[in-house]
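Mapped onto mature numbering (1 follows the signal peptide of the UniProt record, and there is no 0), the consecutive letters of the sequence shown carry residue numbers -16 to -1, 1 to 437. The C-beta atom is built at its ideal place from N, Cα and C for all residues, glycine as well. Take a look at the structure below.
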Amino acid sequence: MYLSILALPLFGAASAGLLGRKLGVTGAQLITSVCMCTSALLSIVAFYEVALCGSPVSIYLSSWIDSGMMSVDWAFMFDSLTVSMLLPVTVVSSMVHIYSMSYMAADPHNQRFFSYLSMFTFFMLVLVAGDNYLILFVGWEGIGVSSYLLINFWFTRIQANKSAIKAMTVNRVGDTFLSIAFFGVFWAFGNLDYATVYSLSPYMNETVLTIIGLLFLFAAMGKSAQLGLHTWLPDAMEGPTPVSALIHAATLVTAGVYLLLRSSPLLEYAPTTLVVITWVGAITAFFAATTGLLQNDIKRVIAYSTCSQMGYLFMAVGISQYSVALFHLVNHAFFKAVLFLAAGGVLHSMADQQDMRRLGGLINLLPFTYTIILIGSLSLMAIPFMTGFYSKDLILESGYATYTMSGHIVYWLGTLTAMITAFYSFRLISMTFLTTPNAPKVDYEHTHEQDMI
(Lines of atoms letter the chains of each structure in order from A and count residues from 1; the text may use other names and numbers.)
(Lines give C-alpha, C1' and ligand atoms only; values in the text may rest on other atoms or scores of the structure.)
Protein backbone atom coordinates (compact mmCIF):
# COMPACT_ATOMS: atom_id res chain seq x y z
CA MET A 1 0.00 0.00 0.00
CA TYR A 2 2.74 2.44 0.95
CA LEU A 3 4.62 2.03 -2.32
CA SER A 4 1.34 2.48 -4.21
CA ILE A 5 1.20 6.06 -2.91
CA LEU A 6 4.39 6.73 -4.91
CA ALA A 7 3.72 4.38 -7.84
CA LEU A 8 0.24 5.60 -8.81
CA PRO A 9 1.27 9.18 -9.78
CA LEU A 10 4.21 7.73 -11.75
CA PHE A 11 1.85 5.36 -13.58
CA GLY A 12 -0.51 8.26 -14.35
CA ALA A 13 2.35 10.45 -15.62
CA ALA A 14 3.75 7.66 -17.82
CA SER A 15 0.31 6.77 -19.23
CA ALA A 16 -0.63 10.35 -20.11
CA GLY A 17 2.85 11.17 -21.42
CA LEU A 18 3.55 8.07 -23.51
CA LEU A 19 0.05 6.96 -24.51
CA GLY A 20 -1.58 10.39 -24.71
CA ARG A 21 -2.61 10.09 -28.36
CA LYS A 22 -4.28 6.71 -27.86
CA LEU A 23 -5.98 7.66 -24.61
CA GLY A 24 -7.17 11.04 -25.85
CA VAL A 25 -7.78 14.09 -23.69
CA THR A 26 -10.53 12.58 -21.54
CA GLY A 27 -8.62 9.31 -21.03
CA ALA A 28 -5.42 11.09 -19.95
CA GLN A 29 -7.36 13.34 -17.57
CA LEU A 30 -9.25 10.42 -16.05
CA ILE A 31 -6.23 8.14 -15.55
CA THR A 32 -4.03 10.82 -13.95
CA SER A 33 -6.85 12.16 -11.75
CA VAL A 34 -8.02 8.72 -10.59
CA CYS A 35 -4.43 7.68 -9.81
CA MET A 36 -3.87 10.90 -7.88
CA CYS A 37 -7.12 10.65 -5.90
CA THR A 38 -6.39 6.99 -5.05
CA SER A 39 -2.93 8.02 -3.87
CA ALA A 40 -4.53 10.71 -1.69
CA LEU A 41 -6.92 8.17 -0.11
CA LEU A 42 -4.02 5.80 0.59
CA SER A 43 -2.12 8.72 2.15
CA ILE A 44 -5.00 9.27 4.56
CA VAL A 45 -4.88 5.57 5.53
CA ALA A 46 -1.08 5.81 5.92
CA PHE A 47 -1.50 8.89 8.11
CA TYR A 48 -3.91 6.99 10.35
CA GLU A 49 -1.63 3.95 10.66
CA VAL A 50 1.69 5.77 11.09
CA ALA A 51 0.90 9.10 12.76
CA LEU A 52 -2.19 8.24 14.82
CA CYS A 53 -1.49 4.58 15.64
CA GLY A 54 2.26 5.14 15.99
CA SER A 55 3.56 2.39 13.70
CA PRO A 56 6.26 3.75 11.32
CA VAL A 57 7.09 1.70 8.22
CA SER A 58 10.44 1.21 6.48
CA ILE A 59 10.58 -0.44 3.03
CA TYR A 60 13.81 -1.75 1.48
CA LEU A 61 13.77 -2.26 -2.31
CA SER A 62 17.34 -2.92 -3.43
CA SER A 63 20.93 -1.81 -3.11
CA TRP A 64 21.78 1.24 -5.22
CA ILE A 65 25.43 2.16 -4.60
CA ASP A 66 27.90 -0.20 -2.93
CA SER A 67 31.42 1.14 -3.40
CA GLY A 68 34.07 1.03 -0.70
CA MET A 69 32.74 2.89 2.33
CA MET A 70 29.68 4.17 0.52
CA SER A 71 26.52 2.10 0.71
CA VAL A 72 23.23 3.60 -0.44
CA ASP A 73 19.96 1.65 -0.75
CA TRP A 74 16.71 2.26 -2.55
CA ALA A 75 14.60 2.43 0.60
CA PHE A 76 11.61 4.44 1.76
CA MET A 77 10.67 5.47 5.27
CA PHE A 78 7.16 6.37 6.39
CA ASP A 79 7.36 8.06 9.78
CA SER A 80 5.11 10.75 11.25
CA LEU A 81 6.91 13.56 9.37
CA THR A 82 6.67 11.70 6.05
CA VAL A 83 2.95 10.92 6.27
CA SER A 84 2.21 14.45 7.52
CA MET A 85 3.82 15.74 4.32
CA LEU A 86 2.22 13.10 2.07
CA LEU A 87 -1.23 14.27 3.11
CA PRO A 88 -1.09 17.88 1.82
CA VAL A 89 0.96 16.91 -1.26
CA THR A 90 -1.46 14.24 -2.49
CA VAL A 91 -4.69 15.97 -1.45
CA VAL A 92 -3.75 19.35 -2.95
CA SER A 93 -2.45 17.65 -6.10
CA SER A 94 -5.78 15.78 -6.41
CA MET A 95 -7.65 19.08 -6.09
CA VAL A 96 -5.43 20.62 -8.77
CA HIS A 97 -5.92 17.65 -11.13
CA ILE A 98 -9.71 17.80 -10.81
CA TYR A 99 -9.75 21.60 -11.16
CA SER A 100 -7.50 21.43 -14.25
CA MET A 101 -9.93 19.15 -16.10
CA SER A 102 -12.23 22.13 -16.45
CA TYR A 103 -9.65 24.94 -16.42
CA MET A 104 -7.46 23.48 -19.19
CA ALA A 105 -10.32 22.03 -21.27
CA ALA A 106 -9.62 24.30 -24.26
CA ASP A 107 -5.85 23.73 -24.27
CA PRO A 108 -4.58 21.52 -27.14
CA HIS A 109 -1.81 19.97 -25.01
CA ASN A 110 -3.89 18.49 -22.19
CA GLN A 111 -2.14 15.12 -22.10
CA ARG A 112 1.28 16.75 -21.72
CA PHE A 113 -0.01 19.03 -18.97
CA PHE A 114 -1.50 16.22 -16.89
CA SER A 115 1.60 14.10 -17.40
CA TYR A 116 3.80 16.92 -16.07
CA LEU A 117 1.47 17.49 -13.08
CA SER A 118 1.58 13.83 -12.06
CA MET A 119 5.35 13.66 -12.60
CA PHE A 120 5.80 16.75 -10.42
CA THR A 121 3.79 15.13 -7.63
CA PHE A 122 5.67 11.82 -7.97
CA PHE A 123 9.08 13.46 -7.51
CA MET A 124 7.79 15.40 -4.50
CA LEU A 125 6.60 12.13 -2.95
CA VAL A 126 10.02 10.56 -3.60
CA LEU A 127 11.70 13.53 -1.90
CA VAL A 128 9.42 13.20 1.13
CA ALA A 129 9.51 9.41 1.51
CA GLY A 130 13.21 8.71 0.81
CA ASP A 131 15.22 6.92 3.48
CA ASN A 132 18.49 8.76 2.82
CA TYR A 133 19.82 12.05 1.49
CA LEU A 134 20.61 10.68 -1.97
CA ILE A 135 17.00 9.66 -2.63
CA LEU A 136 15.97 13.09 -1.31
CA PHE A 137 18.33 14.58 -3.91
CA VAL A 138 16.66 12.55 -6.70
CA GLY A 139 13.29 14.00 -5.73
CA TRP A 140 14.85 17.46 -5.25
CA GLU A 141 16.21 17.53 -8.80
CA GLY A 142 13.04 15.93 -10.18
CA ILE A 143 10.76 18.67 -8.87
CA GLY A 144 13.22 21.25 -10.22
CA VAL A 145 12.98 19.81 -13.74
CA SER A 146 9.20 19.34 -13.48
CA SER A 147 8.72 22.94 -12.32
CA TYR A 148 10.73 24.13 -15.34
CA LEU A 149 8.48 22.12 -17.69
CA LEU A 150 5.29 23.38 -16.03
CA ILE A 151 6.26 27.06 -15.80
CA ASN A 152 7.30 26.84 -19.46
CA PHE A 153 4.17 24.88 -20.43
CA TRP A 154 3.07 27.62 -22.83
CA PHE A 155 6.48 27.51 -24.49
CA THR A 156 5.57 29.92 -27.29
CA ARG A 157 5.43 32.79 -24.77
CA ILE A 158 8.78 34.55 -24.47
CA GLN A 159 8.07 35.57 -20.87
CA ALA A 160 7.27 31.97 -19.93
CA ASN A 161 10.63 30.88 -21.36
CA LYS A 162 12.44 33.57 -19.38
CA SER A 163 10.61 32.74 -16.15
CA ALA A 164 11.29 29.00 -16.45
CA ILE A 165 14.99 29.57 -17.14
CA LYS A 166 15.14 32.01 -14.21
CA ALA A 167 13.49 29.49 -11.87
CA MET A 168 15.88 26.76 -12.98
CA THR A 169 18.95 29.02 -12.66
CA VAL A 170 18.09 30.29 -9.17
CA ASN A 171 17.31 26.76 -8.01
CA ARG A 172 20.69 25.65 -9.36
CA VAL A 173 22.29 27.86 -6.70
CA GLY A 174 20.45 25.99 -3.96
CA ASP A 175 21.21 22.63 -5.63
CA THR A 176 24.92 23.44 -5.61
CA PHE A 177 24.88 24.12 -1.87
CA LEU A 178 22.89 20.92 -1.30
CA SER A 179 25.46 18.88 -3.26
CA ILE A 180 28.30 20.36 -1.19
CA ALA A 181 26.30 19.65 1.99
CA PHE A 182 26.01 15.98 1.00
CA PHE A 183 29.77 15.78 0.47
CA GLY A 184 30.16 17.31 3.94
CA VAL A 185 27.72 14.82 5.48
CA PHE A 186 29.52 11.87 3.86
CA TRP A 187 32.93 13.22 4.92
CA ALA A 188 31.79 13.72 8.52
CA PHE A 189 29.54 10.69 9.03
CA GLY A 190 30.68 8.22 6.36
CA ASN A 191 27.07 7.59 5.37
CA LEU A 192 24.02 9.33 3.92
CA ASP A 193 21.31 7.36 5.75
CA TYR A 194 19.13 9.48 8.01
CA ALA A 195 19.37 7.01 10.91
CA THR A 196 23.18 6.94 10.89
CA VAL A 197 23.58 10.71 10.53
CA TYR A 198 21.13 11.58 13.30
CA SER A 199 22.38 8.98 15.78
CA LEU A 200 25.97 10.25 15.41
CA SER A 201 25.12 13.99 15.44
CA PRO A 202 25.44 14.43 19.26
CA TYR A 203 29.07 13.27 19.11
CA MET A 204 30.20 15.45 16.20
CA ASN A 205 32.20 18.68 16.28
CA GLU A 206 29.87 21.70 16.51
CA THR A 207 31.77 23.65 13.83
CA VAL A 208 31.34 20.80 11.32
CA LEU A 209 27.61 20.57 12.06
CA THR A 210 27.26 24.37 11.77
CA ILE A 211 28.88 24.38 8.32
CA ILE A 212 26.69 21.48 7.13
CA GLY A 213 23.62 23.18 8.62
CA LEU A 214 24.39 26.47 6.83
CA LEU A 215 24.80 24.60 3.54
CA PHE A 216 21.39 22.99 4.10
CA LEU A 217 19.99 26.47 4.85
CA PHE A 218 21.33 27.94 1.60
CA ALA A 219 19.89 24.97 -0.31
CA ALA A 220 16.50 25.48 1.36
CA MET A 221 16.61 29.23 0.63
CA GLY A 222 16.73 28.50 -3.10
CA LYS A 223 13.76 26.13 -3.11
CA SER A 224 11.67 27.99 -0.53
CA ALA A 225 12.29 31.42 -2.11
CA GLN A 226 13.94 33.14 0.85
CA LEU A 227 15.47 36.61 0.61
CA GLY A 228 18.12 36.82 -2.10
CA LEU A 229 16.94 33.69 -3.90
CA HIS A 230 13.26 34.66 -4.01
CA THR A 231 13.18 36.33 -7.42
CA TRP A 232 12.03 33.26 -9.33
CA LEU A 233 8.82 32.80 -7.33
CA PRO A 234 6.72 35.77 -8.58
CA ASP A 235 7.90 35.11 -12.15
CA ALA A 236 6.74 31.49 -11.86
CA MET A 237 3.22 32.92 -12.31
CA GLU A 238 3.76 32.66 -16.09
CA GLY A 239 2.63 29.04 -15.92
CA PRO A 240 -1.06 28.03 -15.87
CA THR A 241 -2.85 28.86 -12.61
CA PRO A 242 -3.17 25.19 -11.46
CA VAL A 243 0.64 24.99 -11.71
CA SER A 244 0.98 28.06 -9.48
CA ALA A 245 -1.32 26.42 -6.94
CA LEU A 246 0.72 23.21 -6.90
CA ILE A 247 4.12 24.96 -6.76
CA HIS A 248 3.11 27.41 -4.02
CA ALA A 249 0.90 25.21 -1.90
CA ALA A 250 2.33 21.75 -1.48
CA THR A 251 5.36 20.96 -3.59
CA LEU A 252 8.29 23.11 -4.68
CA VAL A 253 8.42 25.83 -2.02
CA THR A 254 7.78 23.38 0.83
CA ALA A 255 10.74 21.19 -0.22
CA GLY A 256 13.27 23.54 1.41
CA VAL A 257 11.34 23.62 4.68
CA TYR A 258 11.01 19.82 4.58
CA LEU A 259 14.80 19.53 4.20
CA LEU A 260 15.26 21.57 7.40
CA LEU A 261 12.54 19.65 9.25
CA ARG A 262 14.05 16.31 8.23
CA SER A 263 17.52 17.52 9.28
CA SER A 264 16.29 18.84 12.64
CA PRO A 265 18.20 16.23 14.74
CA LEU A 266 21.38 17.57 13.13
CA LEU A 267 20.41 21.26 13.36
CA GLU A 268 19.73 20.96 17.11
CA TYR A 269 23.47 20.58 17.67
CA ALA A 270 24.28 23.64 15.52
CA PRO A 271 22.79 26.60 17.48
CA THR A 272 24.52 29.20 15.28
CA THR A 273 22.74 27.78 12.24
CA LEU A 274 19.38 28.02 14.01
CA VAL A 275 19.98 31.71 14.77
CA VAL A 276 20.81 32.39 11.09
CA ILE A 277 17.68 30.46 9.98
CA THR A 278 15.54 32.61 12.31
CA TRP A 279 16.93 35.89 10.97
CA VAL A 280 16.62 34.78 7.33
CA GLY A 281 12.99 33.77 7.90
CA ALA A 282 12.07 36.95 9.79
CA ILE A 283 13.62 39.32 7.24
CA THR A 284 12.09 37.38 4.33
CA ALA A 285 8.62 37.38 5.90
CA PHE A 286 8.72 41.15 6.44
CA PHE A 287 10.31 41.94 3.06
CA ALA A 288 7.88 39.78 1.07
CA ALA A 289 4.86 41.20 2.89
CA THR A 290 5.91 44.81 2.19
CA THR A 291 6.58 43.91 -1.46
CA GLY A 292 3.16 42.26 -1.75
CA LEU A 293 1.59 45.58 -0.64
CA LEU A 294 2.77 47.26 -3.83
CA GLN A 295 1.81 44.60 -6.38
CA ASN A 296 -1.13 45.06 -8.73
CA ASP A 297 -1.08 41.61 -10.34
CA ILE A 298 -3.48 39.36 -8.40
CA LYS A 299 -1.28 36.27 -8.79
CA ARG A 300 1.89 38.13 -7.78
CA VAL A 301 0.23 39.35 -4.57
CA ILE A 302 -0.56 35.74 -3.64
CA ALA A 303 2.97 34.71 -4.73
CA TYR A 304 4.59 37.20 -2.35
CA SER A 305 2.27 36.01 0.41
CA THR A 306 3.71 32.52 -0.15
CA CYS A 307 7.23 33.92 0.17
CA SER A 308 6.19 35.65 3.40
CA GLN A 309 4.59 32.51 4.88
CA MET A 310 7.71 30.49 4.08
CA GLY A 311 9.55 33.06 6.22
CA TYR A 312 7.24 32.16 9.12
CA LEU A 313 8.13 28.48 8.65
CA PHE A 314 11.85 29.31 8.73
CA MET A 315 11.30 31.33 11.91
CA ALA A 316 9.58 28.36 13.55
CA VAL A 317 12.44 26.05 12.56
CA GLY A 318 14.97 28.60 13.86
CA ILE A 319 13.49 28.55 17.37
CA SER A 320 13.34 24.72 17.29
CA GLN A 321 9.55 24.54 17.00
CA TYR A 322 9.54 21.85 14.31
CA SER A 323 6.04 20.51 15.01
CA VAL A 324 4.62 24.04 14.85
CA ALA A 325 6.42 24.62 11.52
CA LEU A 326 4.94 21.40 10.13
CA PHE A 327 1.48 22.41 11.40
CA HIS A 328 1.67 25.77 9.63
CA LEU A 329 3.09 24.14 6.48
CA VAL A 330 0.07 21.80 6.22
CA ASN A 331 -2.40 24.61 6.96
CA HIS A 332 -0.70 26.89 4.44
CA ALA A 333 -0.84 24.20 1.75
CA PHE A 334 -4.62 24.06 1.88
CA PHE A 335 -5.54 27.74 2.16
CA LYS A 336 -2.95 28.76 -0.44
CA ALA A 337 -4.26 26.16 -2.90
CA VAL A 338 -7.76 27.54 -2.33
CA LEU A 339 -6.55 31.11 -2.98
CA PHE A 340 -4.75 30.25 -6.21
CA LEU A 341 -7.53 28.09 -7.64
CA ALA A 342 -10.12 30.77 -6.85
CA ALA A 343 -7.86 33.43 -8.42
CA GLY A 344 -7.71 31.19 -11.49
CA GLY A 345 -11.50 31.33 -11.59
CA VAL A 346 -11.34 35.15 -11.67
CA LEU A 347 -8.79 35.14 -14.52
CA HIS A 348 -10.70 32.51 -16.48
CA SER A 349 -13.92 34.51 -16.36
CA MET A 350 -12.28 37.90 -17.03
CA ALA A 351 -10.32 37.10 -20.22
CA ASP A 352 -7.09 36.41 -18.27
CA GLN A 353 -6.95 39.94 -16.86
CA GLN A 354 -4.52 39.79 -13.91
CA ASP A 355 -4.20 43.52 -13.12
CA MET A 356 -6.43 44.24 -10.11
CA ARG A 357 -6.78 47.87 -11.25
CA ARG A 358 -8.63 46.57 -14.33
CA LEU A 359 -11.05 44.42 -12.31
CA GLY A 360 -13.56 45.38 -9.61
CA GLY A 361 -17.27 44.88 -8.99
CA LEU A 362 -17.09 41.10 -9.29
CA ILE A 363 -18.86 40.32 -6.01
CA ASN A 364 -22.26 40.26 -7.76
CA LEU A 365 -21.03 38.29 -10.78
CA LEU A 366 -18.78 35.76 -9.00
CA PRO A 367 -20.30 35.38 -5.50
CA PHE A 368 -19.01 31.83 -4.96
CA THR A 369 -15.47 32.72 -6.07
CA TYR A 370 -15.59 35.77 -3.79
CA THR A 371 -16.61 33.59 -0.84
CA ILE A 372 -13.78 31.12 -1.51
CA ILE A 373 -11.14 33.89 -1.78
CA LEU A 374 -12.53 35.53 1.37
CA ILE A 375 -12.23 32.27 3.34
CA GLY A 376 -8.66 31.68 2.06
CA SER A 377 -7.67 35.28 2.83
CA LEU A 378 -9.13 35.15 6.34
CA SER A 379 -7.08 32.02 7.00
CA LEU A 380 -3.97 33.72 5.56
CA MET A 381 -4.60 36.70 7.85
CA ALA A 382 -4.89 34.30 10.83
CA ILE A 383 -8.37 35.44 11.82
CA PRO A 384 -9.50 33.50 14.94
CA PHE A 385 -11.10 30.10 14.33
CA MET A 386 -9.60 29.79 10.83
CA THR A 387 -6.84 27.19 10.38
CA GLY A 388 -4.12 29.77 9.76
CA PHE A 389 -4.85 31.37 13.14
CA TYR A 390 -3.91 28.31 15.19
CA SER A 391 -0.57 27.69 13.50
CA LYS A 392 0.58 31.30 12.97
CA ASP A 393 -0.41 32.26 16.50
CA LEU A 394 1.59 29.28 17.79
CA ILE A 395 4.69 30.53 15.94
CA LEU A 396 4.34 34.03 17.44
CA GLU A 397 3.56 32.59 20.88
CA SER A 398 6.61 30.31 20.69
CA GLY A 399 8.78 33.30 19.77
CA TYR A 400 7.37 35.33 22.67
CA ALA A 401 8.14 32.47 25.07
CA THR A 402 11.73 32.08 23.81
CA TYR A 403 13.83 34.44 25.93
CA THR A 404 16.54 35.08 23.36
CA MET A 405 17.17 37.69 20.69
CA SER A 406 15.88 35.21 18.10
CA GLY A 407 12.62 34.86 20.02
CA HIS A 408 12.09 38.64 20.12
CA ILE A 409 12.79 38.88 16.39
CA VAL A 410 10.23 36.15 15.66
CA TYR A 411 7.58 37.80 17.81
CA TRP A 412 7.95 41.45 16.80
CA LEU A 413 8.74 41.05 13.09
CA GLY A 414 6.19 38.22 12.87
CA THR A 415 3.46 40.38 14.42
CA LEU A 416 4.30 43.34 12.17
CA THR A 417 4.27 41.05 9.12
CA ALA A 418 0.88 39.66 10.16
CA MET A 419 -0.54 43.20 10.22
CA ILE A 420 0.81 43.89 6.72
CA THR A 421 -0.56 40.54 5.53
CA ALA A 422 -4.05 41.57 6.66
CA PHE A 423 -3.70 44.86 4.77
CA TYR A 424 -2.64 43.42 1.40
CA SER A 425 -5.19 40.59 1.66
CA PHE A 426 -8.06 43.06 2.10
CA ARG A 427 -6.56 45.22 -0.64
CA LEU A 428 -6.74 42.23 -3.01
CA ILE A 429 -10.37 41.51 -2.07
CA SER A 430 -11.37 45.16 -2.30
CA MET A 431 -9.73 45.90 -5.68
CA THR A 432 -10.96 42.67 -7.27
CA PHE A 433 -14.50 42.38 -5.94
CA LEU A 434 -15.71 45.47 -4.07
CA THR A 435 -14.59 48.58 -6.00
CA THR A 436 -16.36 50.04 -9.01
CA PRO A 437 -16.06 47.95 -12.21
CA ASN A 438 -12.97 48.95 -14.20
CA ALA A 439 -12.83 46.27 -16.91
CA PRO A 440 -14.31 46.67 -20.40
CA LYS A 441 -18.04 45.97 -20.60
CA VAL A 442 -17.50 42.99 -22.90
CA ASP A 443 -15.47 41.22 -20.19
CA TYR A 444 -18.30 41.52 -17.69
CA GLU A 445 -20.82 40.22 -20.23
CA HIS A 446 -18.90 36.94 -20.47
CA THR A 447 -18.19 36.57 -16.75
CA HIS A 448 -19.18 33.18 -15.32
CA GLU A 449 -18.36 30.92 -12.38
CA GLN A 450 -15.89 28.09 -12.92
CA ASP A 451 -17.41 24.64 -13.46
CA MET A 452 -15.28 22.82 -10.89
CA ILE A 453 -14.03 25.59 -8.65
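When burial is assigned at 16 or more other CB atoms within 10 Å of the CB, is residue i buried or exposed?
| i | result |
| --- | --- |
| Gln143 | exposed |
| Ala309 | buried |
| Ile49 | exposed |
| Arg156 | exposed |
| Trp216 | buried |
| His81 | buried |
| Leu245 | buried |
| Tyr100 | buried |
| Cys37 | exposed |
| Lys320 | buried |
| Leu2 | exposed |
| Lys6 | exposed |
Of all the options the options, which has the alpha carbon lying nearest to the alpha carbon of residue i?
| i | options | result |
| --- | --- | --- |
| Phe62 | Lys150, Val110 and Ser247 | Val110 |
| Phe139 | Asn280, Leu162, Asp91 and Thr153 | Asp91 |
| Pro186 | Ser(-2), Arg96, Leu(-9) and Glu252 | Glu252 |
| Tyr288 | Ala300, Thr274, Ile119 and Arg96 | Thr274 |
| Ile43 | Ala59, Val29, Met20 and Leu346 | Ala59 |
| Arg96 | Trp124, Glu222, Ile15 and Val56 | Ile15 |
| Gly206 | Asp219, Pro424, Ala239 and Met221 | Ala239 |
| Val56 | Arg141, Phe271 and Phe166 | Phe166 |
| Thr431 | Gly391, Ile413 and Leu343 | Leu343 |
| Gly302 | Thr420, Glu429 and Leu250 | Leu250 |
| Val260 | Phe298, Phe373 and Ala385 | Phe298 |
| Thr153 | Leu213, Lys6, Thr419 and Leu(-14) | Leu213 |
| Pro424 | Arg284, Gly38 and Gly345 | Gly345 |
| Ala327 | Ala317, Gln338 and Phe318 | Gln338 |
| Leu325 | Ser292, Ile282, His312 and Met294 | Ile282 |
| Phe410 | Met365, Thr290, Asp219 and Tyr387 | Met365 |
| Ser333 | Lys376, Gly391 and Asp427 | Asp427 |
| Leu323 | Ser(-13), Cys21 and Val76 | Val76 |
| Ile413 | Leu(-7), Met53 and Val330 | Val330 |
| residue 440 | Pro368, Gly295, Ala(-10) and Leu397 | Here the chain has residues from -16 to 437 only, and residue 440 is not among them. |
| Leu277 | Gly52, Thr401, Leu258 and Tyr117 | Thr401 |
| Ala234 | Met294, Thr180, Ala179 and Ala203 | Met294 |
| Leu(-7) | Val9, Val18 and Ile164 | Val18 |
Near residue i, what residues of its chain come up, given a Cβ to Cβ distance below 8 angstroms and the 5 sequence neighbours on each side ignored?
| i | result |
| --- | --- |
| His93 | Phe137 |
| Ser68 | Phe31, Ala35, Leu310 and Val314 |
| Arg341 | Asn280, Met415 and Asn422 |
Which residue marks the beginning of the alpha helix (DSSP H) containing residue i, and which one marks its end?
| i | result |
| --- | --- |
| Asp177 | Careful: Asp177 lies outside any alpha helix (DSSP H) and carries neither H nor E. |
| Met20 | Gly4 to Phe31 |
| Ala287 | Ile282 to Gly302 |
| Trp396 | Met389 to Ile413 |
| Asp427 | Lys425 to Glu429 |
| Ser130 | Tyr117 to Ile135 |
| Trp138 | Counting along the chain, Trp138 falls outside any alpha helix (DSSP H), and DSSP gives it neither H nor E. |
| Pro92 | No alpha helix (DSSP H) contains Pro92, which DSSP labels as neither H nor E. |
| Pro351 | Pro351 to Leu364 |
| Arg246 | Leu236 to Arg246 |
Since residue i and residue j are thought to touch, with beta carbons under 8 angstroms apart, how far apart are those beta carbons, to the nearest angstrom?
| i | j | result |
| --- | --- | --- |
| Thr74 | Ala24 | 4 angstroms |
| Ser363 | Thr371 | 5 angstroms |
| Gln210 | Val264 | 5 angstroms |
| Gln13 | Phe98 | 6 angstroms |
| Met20 | Ser86 | Not confirmed; about 16 angstroms, so no contact. |
| Leu184 | Phe173 | 5 angstroms |
Tell me which same chain residues have a C-beta within less than 7 angstroms of the C-beta of residue i, skipping the five on either side of it?
| i | result |
| --- | --- |
| Ala254 | Glu190, Leu193, Thr194 and Gly197 |
| Met103 | Ala(-4) and Ser130 |
| Asp336 | none |
So residue i is in the beta strand (DSSP E); what residue range does that whole segment cover?
| i | result |
| --- | --- |
| Asp336 | From DSSP, Asp336 is part of no beta strand (DSSP E); its letter is neither H nor E. |
| Tyr44 | Val41 to Ser51 |
| Ala59 | Met54 to Phe62 |
Is it the case that the CB of residue i approaches a heavy atom of the ligand GTP more closely than 8 angstroms?
| i | result |
| --- | --- |
| Met79 | In the structure shown, the ligand GTP is absent, as is every other ligand, since no ligand is present at all. |
Among the residues of its own chain, which have a CB less than 6 angstroms from the CB of residue i, if the five just before and after it don't count?
| i | result |
| --- | --- |
| Gln305 | Ser382 |
| Leu71 | Ser27 and Phe31 |
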